[in-house]
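> Heads up: the sequence lines are chains A and B, in that order.
At position 137 of the first sequence the residue is numbered 137 (this note's numbering), and the sequence of numbers has no breaks.
If you count the second sequence from 1, you need to add 1000 to reach this note's numbering.
Using N, Cα and C, we set each Cβ at its ideal position, and we do this for glycine too.
One structure follows; several queries about it will come next.
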Amino acid sequence: MIKIPPYLQKGDTIGLVCPAGFMPVEKVSECIRVLNEDWRFTTKVGTTIGQQYHYFSGTDEERIEDLQHMLDDENVKAILCARGGYGLSRIIDKIDFTNFKKNPKWIIGFSDVTILHSHIYRNYSISTLHASMANAFNDDEYKNEFVHSLQYALEGKKIKYQCTQHEFNKKGEGVGELVGGNLSLLAHLVGTDSDIKTKGRILFIEDIGEYLYNVDRMMYQLKRSGKLDKLAGLIVGGFTDMKDTERPFGQTVHEIIRDAVAEYDYPVCFDFPVSHEKENYALKIGVGYKLKVGKNKVVLEE
Amino acid sequence: MKRKNFIQSSIGVLTASYLPGLPEFSTGVDEVSFVSPSYLKQGDIIGITAPAGYITRDEIRSAVQKMESWGYKITIGDTIDKRDFTFGGTDEERTKDFQQMLDDPKIKAIMCARGGYGVVRIIDKLNWEKFKTKPKWIIGFSDVTVIHSHLNKNFGIASIHSKMCNSFPDDWSLAEPIQIETIESIQLALSGKKMIYTATPNPQNKLGTADGVLIGGNLKMLETLAGTKSDINTAGKILFVEDTGEYMYSIDRMFWNLKRTGKLSQLKGLIVGGFKVKVDPDSDDFGRTLQDVVLEKLKAYRYPVCFDFPVGHQKNNYALKCGVKHRLEIKSENVSLKEI
């Protein structure tokens, strides 16, 4: 059974950390302000916010210590990863989840944070939040419905997400626990202790800046490692800034994914608002959802 | 000739007694006995096919002539000159051509004309039954790593990791000695010569000696095969890896993948070939060299490790026999890999 961390009350503390790439303080300050003033939570700013060690927000040890501290601090009710980048692969096996298992709390983020989602769901069956990070709050964007969906999720409000029809959608209804994240990271985790479980589940995938042939190769990896054949449904999010080689691949990213799952009967929807762009709804990993891909619209509800 | 522009490695491929196609057996930890296909004799036929990217007949002309000059006959597959966008024909066409070469008893070796992308799209459509009964050499690298790894995992049949048709120069008079030598090494491997390679010592090498079956290939390919039925089995073996055009963070992540999928813990030795690192202006300050990235994953292990080995997407890319037992000797003054 999946464990749901307690939802947040006004005044509860959200810890902010950078477990991967470096992020300057000024890029996080609006997020902190909104969490405190608008959403009425309290924030605890980790030592890795604004800290830099080359590409990273600190040495491996510093990043581990900060995340570990937030996991172990009983007053911290949720941990918001301020940004992704690259770095969780380096520290995931050194994080101690003992206290976290006893007292689960919401872990929030996407992109590189897919590693935490997949690892925690696989090993501890605790729900996490795939959602916007600090940068999404900047430039007044904290007012948009996607960032707001994070607030609602943290407060325990169930929201029904809807999106429009896509010509490649495969109609149908699927029920199952929701899993997923960044395709590159899901592929990278195959065969490791953080490998995603997909059987009987609704899988969502998104990616940015990949070559088309590489998306094709990753879909083949998921398929060949048995991750695609027994899904309850597939949600294809944003695949933005796709790149092509000098010799064109000859298919769009939608066609690549459509073809990879053509032989399966489960519902599939495209262009769902989960992505590296603004369109990025908060999704609870491990929580049961119903995906309804209809003629005119797509609905995803808890 | 600007030799110093290359990774500083040198090699001597010494001739030894001719091995008339005797299968070689060696037991790995995975209990697979490796079999070497029959080595080639004068007049034997090599088939050329394009299982991944497309290539024209013009582009393979030099390779055809060279391999004919070695005394082999050449059969050119239907996929040569075929094109389906980036591929050498549709999946069906590439599968059919490769299958025909696998099944034709007259063809003693299959040279993949070039890499690119595409083998993973056809690997599960190929029928290996005839090939398993009567193995033949499959030759190539880069995307062809899928085949090397698949043979390693499933059949324990040796194959040749080497340059492909698109690396044979059009004008041999302009070719550098290293190009000629590496291409000639394909013939030495095919004809059954025992291979010997040397590499320039790197101060960060981990010294030692190891005997084991040689396996490996392109690192990105090995990562994307994880969890599939072509996933490489590294236990008890000497692993070589190379890559090109990847960011340092991505190379780091791929080595974490090897480590976290258990592929580094039971090696006999590790050979790091060429790595052409792509520079990302936004995040090029990764703070670690290739040597740092590799060695930090290996702190708990004692096996020998060498860098700058002449294998990779580069001119000094020698033919290596995957699935054949080798001895890796890494000393401070020299590095050698010998087929045993």
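Which residue from A:193, A:284 and A:292 puts its Cα closest to that of residue 6 of chain A?
Measuring from the Cα of residue 6 of chain A, the nearest candidate turns out to be A:284.
> Using the DSSP secondary-structure output, state which residues sit across from residue 56 of chain A in a beta bridge.
Looking at the DSSP assignment, residue 56 of chain A forms a beta bridge with A:21 and A:53.
> Using a Cβ cut-off of 8 angstroms, which residues of the segment 1221-1233 of chain B contact any Cβ in chain A, in chain order?
Flagged, chain order: 1223, 1224, 1225, 1226, 1227, 1228, 1229, 1230 and 1231.
> Within 10 Å of its beta-carbon, does residue 214 of chain A have 16 or more other beta-carbons around it, so buried, or fewer, so exposed?
Residue 214 of chain A comes out buried.
> Can you tell me whether DSSP reads residue 1049 of chain B as helix, strand or coil?
It is a strand residue.
> Could you give the distance in angstroms between the alpha-carbon of residue 223 of chain A and the alpha-carbon of residue 37 of chain A?
Each residue's Cα considered, the two are about 46 angstroms apart.
> For residue 141 of chain A, collect the residues of the same chain with a Cβ closer than 8 angstroms to its Cβ; drop the 5 residues on either side in sequence, then sort them by chain order.
Within the same chain, residue 141 of chain A has close Cβ partners 147 and 278.
> In terms of alpha-carbon separation, which member of B:1105, B:1263 and B:1241 lies closest to residue 191 of chain A?
It is B:1263.
> Would you list the residues sitting across from residue 1109 of chain B in a DSSP beta bridge?
Paired residues: B:1046 and B:1137.
> Report the three-state DSSP secondary structure of residue 284 of chain A (helix, strand or coil).
If DSSP states are grouped into helix, strand and coil, residue 284 of chain A belongs with the strands.
> Give me the Cα-Cα distance between residue 114 of chain A and residue 85 of chain A, rounded to the nearest whole angstrom.
Going by the C-alpha atoms only, they are around 11 angstroms apart.
> Does the segment 1317-1329 of chain B come into contact with the segment 1285-1302 of chain B, if we say contact requires no fewer than three beta-carbon pairs (one atom in each stretch) closer than 8 angstroms?
Flag = no, the segment 1317-1329 of chain B and the segment 1285-1302 of chain B do not touch.
> Out of A:200, A:288 and A:136, point me to the one whose CA is closest to residue 2 of chain A's CA.
The shortest Cα separation from residue 2 of chain A among A:200, A:288 and A:136 belongs to A:288.
> Could you pull the start and end residues of the alpha helix (DSSP H) that residue 1121 of chain B belongs to?
Per DSSP, residue 1121 of chain B belongs to the alpha helix (DSSP H) from 1119-1122.
> Could you check how far apart the C-beta atoms of residue 249 of chain A and residue 1224 of chain B are, in whole angstroms? I think they sit under 8 angstroms.
Wrong, their Cβ atoms sit about 16 angstroms apart, outside the cutoff.
> Would residue 1033 of chain B and residue 1123 of chain B qualify as a contact pair, given that the criterion is a beta-carbon distance under 8 angstroms?
Cβ distance not < 8 angstroms, so residue 1033 of chain B and residue 1123 of chain B don't count as in contact.
> Once you ignore the five residues that flank residue 296 of chain A on each side, which residues in its own chain have a CB closer than 6 angstroms to its CB?
The answer, listed in chain order, is 165.
> Three or more beta-carbon pairs under 8 angstroms between the segment 124-144 of chain A and the segment 228-237 of chain A, yes or no?
Not touching, per the Cβ criterion.
> What did DSSP end up calling residue 232 of chain A once you bin it into helix, strand or coil?
Note: residue 232 of chain A maps to coil in three-state DSSP.
> Give me the chain A residues within the contact set of residue 1286 of chain B, using Cβ-Cβ distance strictly less than 8 angstroms, ordered along the chain.
Per Cβ cutoff of 8 angstroms: 54 and 55.
> Against chain A, which members of the segment 1049-1070 of chain B pass a CB distance test of less than 8 angstroms?
Residues passing the 8 angstroms Cβ filter: 1053 and 1054.
> Along the segment 1285-1308 of chain B, what residues have a CB closer than 7 angstroms to any CB found in chain A?
Under the 7 angstroms Cβ criterion, the segment 1285-1308 of chain B contributes 1285, 1286 and 1287.
> Please specify which runs of the alpha helix (DSSP H), each continuous and at least 4 residues long, are wholly inside the segment 1138-1170 of chain B, giving them in chain order.
Fully enclosed alpha helix (DSSP H) runs of 4 or longer: 1145-1154.
> Can you tell me whether DSSP reads residue 33 of chain A as helix, strand or coil?
Of the three classes helix, strand and coil, the one that applies to residue 33 of chain A here is helix, per DSSP.
> Identify every run of the beta strand (DSSP E) within the segment 1231-1311 of chain B, keeping only runs that are complete inside it and at least 3 residues long; order them along the chain.
Those beta strand (DSSP E) runs which fall completely within the segment 1231-1311 of chain B and span 3+ residues are 1237-1247 and 1269-1278.
> Would you mind stating whether residue 1307 of chain B and residue 1166 of chain B have Cβ atoms separated by less than 8 angstroms?
No, these two residues do not count as a Cβ contact at 8 angstroms.
> Can you grab the Cα-Cα spacing for the pair residue 1180 of chain B / residue 1252 of chain B, in whole Å?
Whole-angstrom Cα-Cα distance: 33 angstroms.
> Per DSSP, which one or two residues make a beta bridge with residue 174 of chain A?
Answer is A:291, bridged to residue 174 of chain A.
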